[in-house]
Amino acid sequence: MTDHLLDRPILAALTSSHANFARGGGGAWRYDPLISPFAAVENDDAQTLQSLTDLVAPGETIVMVRSEPIVAPPEMTVVSEARVVQMVAEKELATALDDRLVRLSAENDEEAHALATLTRPGPFAPHTMRMGKFWGVFEEGRLIAMAGERLRQPGWAEMSAVCVHPDQRGKGLARVLSTRVTADMQERGERPYLHCFDNNVGAITLYQTLGYEVRTTLNVMVARRS
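Residues 156 to 381 (our numbering) are what the sequence shown spells out, left to right.
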């Protein structure tokens, strides 16, 4: 078993702060698929892995993240594997007072999902915004940038879905949004962290300027049930 709560961030979230979104039990859990494709197992024995498969519909895809090598559940095909850095906020940020920032709600689900599908900031389902507070920036009624909260564990909260429409990049929107989300978490007494593909140098550099530091590197597996 790993030592740090965030070495298995999905498992830790589903068995604590996000238990209300969890499906499964007995060592295998997943989020409601409309909330997130994330899933996790407590161990890699055959029975537990089969229990996870049983939670996944044929043709459906799940995403697993942890520090140890990930074992694909039976009857599931590995779609992709990658490595992400896990970064933790190491300094306090002041709330970004910017009139452009708008608190997103369920009414924005469709356009938020469309922006995430276009920009691919990471797993984002139709109702991912139920996981926490999200902020967006609009231009002429169109959502052009957003960021928000995803995984949560006792004392910790993950910033995620930081994305900007391709034709709006270079305006500092990711920085403003990231600052606001980080400050919100800190004001609640939670410690912010995030995940970023280990080859995304630009994003890693941005987060470092905001006071985030790399804690560790994790494995990511995307798998689909046949």
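Quick reminder that beta carbons are idealized off the backbone N, C-alpha and C, glycines included.
Could you tell me the alpha carbon to alpha carbon distance between glutamate 368 and tyrosine 348, rounded to whole angstroms?
Position 213 of the sequence shown holds residue 368. Position 193 of the sequence shown holds residue 348. When rounded, the distance between both Cα atoms is 9 Å.
Three CB pairs or more closer than 8 Å across the segment 224-237 and the segment 193-208:
yes
Could you name the residues of the same chain whose beta carbon sits closer than 8 Å to that of leucine 166, not counting the 5 residues immediately before and after it, in chain order?
The sequence position of residue 166 within the sequence shown is 11, counting from 1. Taken in chain order, the residues that qualify are Trp184, Ala195, Val196, Glu197, Arg221.
If you compare alpha carbons, which of Glu236, Met286, Arg343 is closest to serine 315?
To locate residue 315, count along the sequence shown from 1; it is residue 160. Ranking the options by Cα distance to serine 315, first place goes to Met286.
Assuming alanine 414 contacts methionine 284 (C-beta within less than 8 Å), just tell me the rounded distance between them.
Since the displayed the chain opens at 156 and closes at 381, residue 414 lies outside it and no answer follows.
Contact check, glutamine 341 vs alanine 168 under 8 Å by CB: the rounded distance?
Looking up residue 341 in the sequence shown gives position 186. Looking up residue 168 in the sequence shown gives position 13. About 19 Å; that fails the 8 Å criterion.
Counting only the same chain and skipping the five closest in sequence on each side, list residues whose C-beta sits under 7 Å from that of isoleucine 190.
The count along the sequence shown starts at 1 and reaches residue 190 at position 35. Cβ neighbours of isoleucine 190 beyond the five flanking positions: Phe176, Ala280, His282, Thr283, Arg285, Met286.
Tell me whether arginine 330 sits in a helix, a strand or coil according to DSSP, three-state version.
Numbered from its first residue, the sequence shown carries residue 330 at position 175. Looking at arginine 330 - three-state DSSP - the assignment turns out to be helix.
Output the boundary residues of the alpha helix (DSSP H) element that contains threonine 117.
There is simply no residue 117 to check, as the chain begins at 156 and stops at 381 in what is shown.
Use the C-beta contact count for glutamine 363: other C-beta atoms within 10 angstroms, 16 or more gives buried, fewer gives exposed.
Here the question's residue 363 lines up with position 208 in the sequence shown. Classification of glutamine 363: exposed, given that the 10 Å Cβ count is below 16.
Starting from the C-beta of threonine 274, find all residues in its chain whose C-beta is less than 8 Å away, skip the five residues before and the five after it, and write them out in chain order.
If you number the sequence shown from 1, residue 274 lands on position 119. Around threonine 274: Cys318, Val319, His320, Pro321.
For glutamine 241, which residues in the same chain have their Cβ closer than 8 Å to its Cβ, ignoring the five residues on either side in sequence?
Your numbering for residue 241 matches position 86 in the sequence shown. Counting only Cβ-Cβ distances below 8 Å, and skipping sequence neighbours, we find Leu161, Pro164, Tyr348, Leu349, His350, Val369, Arg370, Thr371, Thr372, Leu373.
Runs of 4 residues minimum, wholly inside the segment 180-219: which ones carry the alpha helix (DSSP H) assignment?
201-209
Taking the straight line between their C-alpha atoms, what separation do you get for histidine 159 and alanine 302?
Along the sequence shown, read from residue 1 onward, the residue named residue 159 stands at position 4. Along the sequence shown, read from residue 1 onward, the residue named residue 302 stands at position 147. Rounded to the nearest angstrom, the two C-alpha atoms are 26 Å apart.
Are the C-beta of glutamate 304 and some C-beta of chain D separated by less than 7 Å?
Of the protein chains in the structure, only one exists, and it is not chain D.
Whole angstroms is fine: what's the gap from arginine 380's alpha carbon to proline 276's?
As a working note, residue 380 is residue 225 in the sequence shown. As a working note, residue 276 is residue 121 in the sequence shown. Answer to the nearest angstrom: the Cα atoms are 23 Å apart.
Enumerated in chain order, which unbroken segments of the beta strand (DSSP E) with a length of 3 residues or greater are wholly contained in the segment 259-299?
289-294
Any idea if threonine 360 is buried or exposed, counting beta-carbon neighbours within 10 angstroms, 16 or more meaning buried?
Here residue 360 refers to the residue found at position 205 of the sequence shown. With fewer than 16 Cβ atoms within 10 Å of its Cβ, threonine 360 is classed as exposed.
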